[in-house]
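Asks: Numbering (our numbering) for the sequence shown: 175 to 545.
Quick reminder that beta carbons are idealized off the backbone N, C-alpha and C, glycines included.
To start, I am sharing the structure in question, which I have written as structure tokens.
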Amino acid sequence: MRRHRGYINLGINLGLLASIGAAATVMAGDAPSVHVYNWYDYIGPTTLHDFQRDSGIQPVYDTFDSAEVLEGKLMTSHSGYDVVVASNFSLPTLIKAGALAPLPRAQLSGWNNLDSDLLKKLANNDPGNQYAVPYLWGTNGIGYNVDKVRAALGDKAPVDSWDLVFNEDNLAKLGQCGVAMLDSPSEMLPVALHYLGLPPNSTDPEDYKKAEALLLKLRPHIAYFNSSKFISDLSNGNICVAVGWSGAMLEAKTNAEQANNGVKIAYSLPKEGAPVWFDTLVLLKDAPNPTQGLAFIDYLLRPEVIAPVSDHLSYPNGNRAATPLVAEATRDNPAVYPSATAMATLYTLEPLPKATERVRTRVWSKVKNGQ
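In structure tokens, the structure reads:
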């Protein structure tokens, strides 16, 4: 999955700085090191410093800005990295390619801290939970302007349901104040399929024709498809509804509150169910420093280490033992930590055969163009 991490150009600059740091570390040669590859702005502000202080291992940290960049780097092998943050969606491809090393659980003292229910969902992409440790996770749902949605649909607006955006009567009214959706066929089409009562990871071309018909009917009422613009537009009141990632909606909410602009943003996880995604810690098969890589993963399995990361980024972590240490405002927010009832409705997305991917691409092109 692709989540909002920050601006790409800044991520590249940080990556260059990290690369310079890597060279300096090699030249110094006075400490063991671990090479980590992660999304930009996706770790606690002191996590790397604290790890080096506590372990004596120098983290060499690079960042990327898309899952495609990550996969491209790893599929060439000999990337030079030890630990990588990979989405659950990428895991089957990486496992099949032999890019990942099985995790020796006996060397991960914090493994038993992990949430068993999350591990079961992650096992859809990593059978047997052999290769990946859940790091942070989130959901795809609906962010909305509380006042504008109430004005458009009344006090009984179905904000807890996909009917809010997939019912044409509702969307026609909301279209007057602006509706945005992710520009991502791999995320939007499964939601449309699920809404229609079809398998979200369907490989049947006929199912995609039905999803196409639904979205084409709705297309006139959708302002745009974009995977970043909706955050500022929602927080500024330029749109009133967006379908996107939980963390992005919370970012929009925080931005509006800090701007004190009177815009009230809420996030809804529809009752019918929604995609859940995981960003995971994996050890590369050709890691130059596997021992240090495992030490880094195990460090992030400490409850007292991962809890501040969740507080900083407003994403839940996969560590059940860390939940009591997460700030109350974060752990008690159902938009961040869904209830057990909501968790039971969530589903993971899976890579599809190339033929199905081509079908999805064609459908999405038609939907975006409105024809």
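#1: For the beta strand (DSSP E) that H209 lies in, which residues bound it at each end?
#2: In chain order, what residues of the same chain lie with their CB nearer than 7 Å to the CB of A426, ignoring the 5 residues before and after it?
#3: Which residue marks the beginning of the beta strand (DSSP E) containing W451, and which one marks its end?
#4: Taking one C-beta from the segment 289-300 and one from the segment 329-341 each time, how about it: are there three or more such pairs within less than 8 Å?
#5: Label T220 either buried or exposed according to how many other C-beta atoms from any shown protein chain fall within 10 Å of its C-beta, with 16 as the threshold for buried.
#6: Looking at the strands, I want to know which residues DSSP matches up with S442.
#7: Just mark W538 as buried or exposed, buried being the case when its beta carbon has 16 or more other beta carbons within 10 Å.
#8: Counting contacts by CB-CB distance shorter than 8 Å, is V415 in contact with chain C?
#9: Helix, strand or coil for Y473, going by three-state DSSP, please let me know.
#10: Let me know the secondary structure DSSP gives Q232 once reduced to three states.
#11: Can you give the Cα-Cα distance for Y255 and P276, rounded to whole angstroms?
#12: For V234, which of A241, E242, F225, S240 has the nearest alpha-carbon?
#13: With respect to the beta strand (DSSP E) encompassing S261, which residues constitute its N-terminal and C-terminal limits?
#14: Opposite H306 in the DSSP bridges: which residues?
#15: Taking the alpha helix (DSSP H) that W538 falls in, what are its first and last residues?
#16: How is Y521 classed by DSSP in three states: helix, strand or coil?
#17: Thinking C-alpha only, which one of A387, S264, T535 is nearest T522?
#18: Can you look up A501 in the DSSP assignment and give me helix, strand or coil?
#19: Name the one or two DSSP bridge partners that M144 has.
#20: Rank T313, G284, G467, P527 by C-alpha distance to the C-alpha of G418 and give the top, closest one.
#21: Since N286 contacts T454 with CB under 8 Å, what's their CB separation in whole angstroms?
#22: Which residues does DSSP list as the beta-bridge partners of F225?
#23: Would you list the residues sitting across from T237 in a DSSP beta bridge?
#24: Let me know if N434 comes out buried or exposed under the rule of 16 or more other beta-carbons within 10 Å of its beta-carbon.
#25: Work out the CA separation of D239 and Q466 for me, nearest whole Å.
#26: For the alpha helix (DSSP H) holding L389, just list the boundary residues, first then last.
Replies: Let me spell this out:
#1: The sequence position of residue 209 within the sequence shown is 35, counting from 1. Segment 207-213, the beta strand (DSSP E) holding H209.
#2: For the purposes of this step, residue 426 is identified with residue 252 of the sequence shown, where counting begins at 1. If we look at A426 and ignore the five residues flanking it on each side, its Cβ neighbours are G317, I405, L408, S409, I439.
#3: Locating residue 451 in the sequence shown gives position 277, where the first residue counts as 1. From DSSP, the beta strand (DSSP E) with W451 extends over 450-457.
#4: no
#5: Position 46 of the sequence shown, counting from 1, holds the residue named residue 220. Exposed, by the Cβ-count rule.
#6: Looking up residue 442 in the sequence shown gives position 268. Note: S442 sits in a beta bridge opposite I316.
#7: The residue you call residue 538 lines up with position 364 of the sequence shown. Answer is buried; the Cβ neighbour count reaches 16.
#8: In the structure shown, chain C cannot be found, because there is only a single protein chain.
#9: Translated into the one-based positions of the sequence shown, residue 473 becomes position 299. Of the three classes helix, strand and coil, the one that applies to Y473 here is helix, per DSSP.
#10: Counting from one through the sequence shown, the residue named residue 232 turns up at place 58. It is a strand residue.
#11: The residue labelled residue 255 in the question sits at position 81 within the sequence shown. The residue labelled residue 276 in the question sits at position 102 within the sequence shown. A straight-line Cα-Cα distance of about 16 Å links Y255 and P276.
#12: For the purposes of this step, residue 234 is identified with residue 60 of the sequence shown, where counting begins at 1. Nearest of A241, E242, F225, S240 to V234, Cα basis: F225.
#13: Along the sequence shown, one-based indexing puts residue 261 at 87. S261 -> beta strand (DSSP E) spans 257-261.
#14: Reading the sequence shown from its first residue, position 132 is the one you call residue 306. Before going further, note that residue 306 is Ala rather than His in the sequence given. Its beta-bridge partners are V456.
#15: Taking the first residue of the sequence shown as position 1, residue 538 is located at position 364. Segment 528-543, the alpha helix (DSSP H) holding W538.
#16: Along the sequence shown, one-based indexing puts residue 521 at 347. Reduced to three states, the DSSP call for Y521 is strand.
#17: Counting from 1 along the sequence shown, the entry for residue 522 is found at position 348. Comparing Cα positions, the closest option is S264.
#18: Mapped onto the sequence shown, residue 501 falls at position 327. Looking at A501 - three-state DSSP - the assignment turns out to be coil, as it is neither helix nor strand.
#19: Since the first residue shown for the chain is 175 and the last is 545, residue 144 is missing from the structure and cannot be characterised.
#20: Taking the sequence shown and counting its residues from 1, one reaches residue 418 at position 244. Comparing Cα positions, the closest option is T313.
#21: Within the sequence shown, numbered from 1, the residue matching residue 286 stands at position 112. Within the sequence shown, numbered from 1, the residue matching residue 454 stands at position 280. 17 Å between Cβ atoms; not a contact.
#22: Position 51 of the sequence shown, counting from 1, holds the residue named residue 225. Beta-bridge annotation (DSSP): F225 is not paired with any residue.
#23: Locating residue 237 in the sequence shown gives position 63, where the first residue counts as 1. Listed as beta-bridge partners of T237 by DSSP are N212.
#24: Position 260 of the sequence shown, counted from the first residue, corresponds to residue 434. Flag for N434 reads exposed.
#25: What you label residue 466 is simply residue 292 of the sequence shown in a count that begins at 1. What you label residue 239 is simply residue 65 of the sequence shown in a count that begins at 1. Using only the alpha carbons, I get a separation of about 25 Å.
#26: Within the sequence shown, the letter at position 215 stands for residue 389. Unbroken alpha helix (DSSP H) run through L389: 379-392.
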